[in-house]
Amino acid sequence: MSDMKAKAAAGLQDVVAGESSICLVDGTKGRLVYHGYDINDLVGKASFEEVVYLLWHGKLPNLAELTELDAELKKNREIPADIMALIQGLVNSPANPTGMEILRTVASFAGAVDADKSMERETHLKQSAKLVSLMASATAAIGRLKAGKEYVAPRSDLGHAANFLYMLNGVEANELSVEAFDVALILHADHEFNASTFTARCTVGTLSDVYSGVTSAIGALKGPLHGGANEDVLRMLMKINSVEGAEAGIKDLLANGVKVPGFGHRVYRSYDPRGLVLKKYAKDLTAKQGETKWYDMTEIAERVVLEYFAGKGKDLKYNVDLYSGSLYNAMDIPVELFTPLFVMSRVSGWTAHILEQYANNRIIRPVADYVGPVDLQFVPISERA
1468 MSDMKAKAAA GLQDVVAGES SICLVDGTKG RLVYHGYDIN DLVGKASFEE VVYLLWHGKL
1528 PNLAELTELD AELKKNREIP ADIMALIQGL VNSPANPTGM EILRTVASFA GAVDADKSME
1588 RETHLKQSAK LVSLMASATA AIGRLKAGKE YVAPRSDLGH AANFLYMLNG VEANELSVEA
1648 FDVALILHAD HEFNASTFTA RCTVGTLSDV YSGVTSAIGA LKGPLHGGAN EDVLRMLMKI
1708 NSVEGAEAGI KDLLANGVKV PGFGHRVYRS YDPRGLVLKK YAKDLTAKQG ETKWYDMTEI
1768 AERVVLEYFA GKGKDLKYNV DLYSGSLYNA MDIPVELFTP LFVMSRVSGW TAHILEQYAN
1828 NRIIRPVADY VGPVDLQFVP ISERA
């Protein structure tokens, strides 16, 4: 290693890779801030659509600006015929691709058939709005088609969160479900230079297009170390399958060295502020729906895991994924869609970072700490063992 190079950090841990004004993740204080606004000041006050505008423009919209964005999002809700045919073909494929694999393909296909190849900001904003709407409608369509149900067309009289739940379930969701889902979208909208966001920025740093950036990001989020923990929590609880057996089941996992999903975070050393909000909504919504089994089991899991690690002198906290499973289940969202829901929300943050990267672009090209051999001598093939 050259003396001029800093020691490599595994996984780029704590390495500052660039500047951004979009999102602050304060791991010490447990804060998440979008363009200066703490999420606790946005949740329950601003809509997801307002937060999308905030991420893209750096300020909350006035009424006229929000109306314009809302119209643009609604205009793009209906899935074009060629993309619907693609989704249907993939859902019926014998390869049985996952929702994430289908969304990745949809994003790429949408870029291939978009005739506007301009690199102007206005074009990028329109493409970003198209992707926010398309990822939501496609996720709902995938959920219904995989369940053997008919596609439900979008409605223009509903907000983004309410329309998705309507397209997925075929009936209007109650007010608390809509509010809780809108909040979940806001909480997942951005998280600074996480793996998928950094991937998107690397892609468009070459001056590739918005669709390529989002396709790359979906590929990164698809990995189980990034986007799959919310699914893992509910699948874990489903295996235990009873409130009475939850404590013993979780203790058994811990005793066998199995990592219980939904705990710990790469950045947060205090509570994940998103998790605190989702726990409240999960408790309220499951109580309203009259089915608290998964919430009760999650609460037991929280207690058992935290007590276990406290006994080892570790101050472990739960993260955003722990209570999202019981929350989404209360909205009749199948577990297979939990990570695609992440795409639905995070596409707003990905595109915000793509816009920011374009605005002050330099191709992202870090260096590696080479640890291989040097000065090997070439041996002709006839003399190699």
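Count along the sequence shown starting at 1, add 1467, and that's the number in this note's numbering.
Cβ coordinates follow ideal geometry from the N, Cα and C atoms, glycine included.
Fair warning: this is a prediction, and the values are worked out from it, not measured in the lab.
Beta bridge counterpart(s) of residue i as assigned by DSSP
i: ARG1622; result: Partner(s): none; ARG1622 has no beta bridge.
i: ARG1498; result: ASP1493
i: ASP1505; result: VAL1500
i: VAL1730; result: Checking the sequence shown, residue 1730 turns out to be Phe, not Val. The partner list for PHE1730 (beta bridge, DSSP) reads TYR1785.
Proximal residues to residue i (C-beta, below 8 Å), its chain only, five neighbours per side dropped
i: ASP1583; result: THR1590, LYS1593 and GLN1594
i: ASN1507; result: PRO1740 and VAL1744
i: LEU1553; result: THR1572, VAL1573 and PHE1576
i: GLU1516; result: LEU1533, LEU1536, ASP1537, LEU1540, GLY1626 and HIS1627
i: GLY1494; result: HIS1732, VAL1734, TYR1735, ARG1736 and SER1737
i: ILE1717; result: ILE1707, VAL1727, ILE1767, ALA1768, VAL1771 and VAL1772
Residue from the options whose Cα sits closest to the Cα of residue i
i: ALA1696; options: LEU1530, ARG1611 and GLU1803; result: GLU1803
i: ASN1636; options: THR1606, VAL1482 and VAL1846; result: THR1606
i: GLY1792; options: ALA1548, GLU1698, ARG1498 and GLY1556; result: GLU1698
i: LYS1597; options: ARG1544, VAL1492 and ALA1852; result: ARG1544
i: TYR1618; options: PRO1547, ASP1508, LEU1491 and MET1764; result: PRO1547
i: ALA1477; options: ALA1852, PRO1847, ALA1835 and VAL1846; result: ALA1835
i: ARG1702; options: THR1765, THR1753 and GLN1844; result: THR1765
i: THR1670; options: GLU1659, ASN1641, ILE1830 and ALA1629; result: ILE1830
i: GLU1568; options: GLY1716, ALA1620, SER1683 and PHE1665; result: SER1683
i: ILE1489; options: ALA1614, GLN1844 and ALA1819; result: ALA1819
i: ASP1581; options: LEU1499, LEU1612 and VAL1677; result: VAL1677
i: LEU1491; options: VAL1727, ALA1722 and GLU1659; result: GLU1659
i: PHE1730; options: ASP1788, SER1585, GLY1566 and PRO1564; result: ASP1788
i: HIS1524; options: ALA1608, LYS1542 and GLY1503; result: GLY1503
i: PRO1564; options: GLY1712, LEU1720 and LYS1689; result: LYS1689
Cutoff 7 Å; reference residue i; Cβ partners in own chain excluding five residues on either side
i: HIS1732; result: ASP1739 and ASN1786
i: LYS1760; result: VAL1710
i: MET1471; result: Because MET1471 sits at a pLDDT of 44, beneath the cut-off of 50, its placement in the model cannot be relied upon, and the following sentence gives the value as read from the coordinates. So no residue of the chain qualifies.
i: GLU1774; result: none
i: GLN1555; result: LEU1612
Cβ-based neighbour list, residue i, same chain, cut-off 6 Å, excluding 5 preceding and 5 following
i: PRO1833; result: none
i: ALA1603; result: PHE1631 and MET1811
i: LYS1784; result: TYR1738
i: ALA1749; result: TYR1762, TYR1790, SER1793 and LEU1794
i: TYR1520; result: PRO1528 and LEU1536
i: MET1468; result: At MET1468, the pLDDT of 39 sits below 50, so the modelled position is not reliable; the number obtained from the coordinates is stated separately. The residues are ASP1836.
i: SER1600; result: LEU1540, ASN1543 and ARG1544
Whole-Å CB distance - residue i paired with residue j, under 8 Å assumed
i: ASP1649; j: TYR1501; result: Contact doesn't hold; Cβ gap of about 15 Å is too wide.
i: SER1815; j: LEU1522; result: 6 Å
i: HIS1693; j: ALA1662; result: 5 Å
i: LEU1674; j: LYS1755; result: Rounded, the Cβ-Cβ distance is 49 Å, inconsistent with contact.
i: LEU1752; j: ARG1588; result: Contact flag wrong, Cβ pair sits at about 39 Å.
i: ALA1640; j: MET1798; result: 7 Å
i: ASN1828; j: GLY1672; result: 6 Å
i: HIS1655; j: PHE1809; result: 6 Å
What are the uninterrupted segments assigned as alpha helix (DSSP H) that are 4 or more residues long and contained completely in the stretch 1558 to 1591, given in chain order? Complete alpha helix (DSSP H) runs here, min 4: 1566 to 1579.
Length at least 4, wholly inside the stretch 1689 to 1728: the alpha helix (DSSP H) runs in chain order: 1696 to 1707 and 1713 to 1722
Go through the stretch 1505 to 1562 residue by residue and report every complete run of the beta strand (DSSP E) that reaches 3 residues or more, in order. none
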